[in-house]
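Residue numbers (the numbering used here): 69 to 210.
Backbone N, C-alpha and C define an ideal beta-carbon position, used for all residues, glycine too.
For reference, the structure is listed below as C-alpha cells.
Rendered as C-alpha cells:
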C-alpha cells in the first residue's frame with residue numbers, strides 16, 4: 069500500500085476567510101443506497117464542516133463546489149487514535165488488573181475510567197492534534 073494514496077470528497081464552500089476555507093461535505097454511509105436504510109441508523113447522512121487552512125482562500129468563493137483531499141495515512145491515524153488505542157488500553161487493564169488481585173468489578177471500572185481519561189486527554193490536545201491532520205482543497209474540473 070503506497071503512502072501517497074488520497075481520499076477525496078466533493079464539497080461546497082460555505083465560508084471564505086483570511087485564515088482559510090470552510091467546506092461542507094455530505095458524509096454518506098456505504099449503505100445509503102439500501103432500500104432498508106430508514107429502518108436502521110447506519111444509513112444516516114451527515115453534513116461535516118471541514119476547515120482548510122494554509123490555502124489561497126482568494127481562489128474560492130462561497131457556494132463553489134470543490135474537492136477536499138486527505139492522505140489515506142491520516143485516515144488510518146484517526147482510526148488508531150479514536151478506536152484502536154482506547155481498545156488496547158481497555159483490554160490491557162481488563163486482563164491485567166484481575167491478576168493483581170483486584171476485583172473484576174473494580175478492574176472494569178478502572179478500565180472504563182482509563183479510557184475516559186484517554187478521551188479527555190485527546191480533547192484537551194485537540195488543537196495540537198488537528199494541526200497534524202492536513203486537508204487540501206482543489207477546484208473541480210467541470
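Cβ-Cβ distance between residue i and residue j below 8 Å
i: residue 161; j: residue 182; result: yes
i: residue 203; j: residue 73; result: no
i: residue 137; j: residue 79; result: no
i: residue 84; j: residue 129; result: yes
Whole-angstrom distance between residue j and residue i, CA atom to CA atom
i: residue 125; j: residue 142; result: 23 Å
i: residue 81; j: residue 148; result: 29 Å
i: residue 199; j: residue 122; result: 11 Å
i: residue 194; j: residue 208; result: 30 Å
Residue range of the beta strand (DSSP E) that includes residue i
i: residue 205; result: 204-207
i: residue 78; result: 74-84
Where the alpha helix (DSSP H) containing residue i begins and where it ends
i: residue 196; result: 194-200
i: residue 143; result: 140-147
Q) Should the segment 151-171 be regarded as contacting the segment 79-97, the criterion being three or more beta carbon pairs within less than 8 Å? A) Too few Cβ pairs lie closer than 8 Å, so no.
* Considering only residues of the segment 153-180, which uninterrupted alpha helix (DSSP H) runs meet the minimum length of 4 residues and lie entirely inside it, listed in chain order? -> Segments of the alpha helix (DSSP H) lying fully in the segment 153-180: 153-164.
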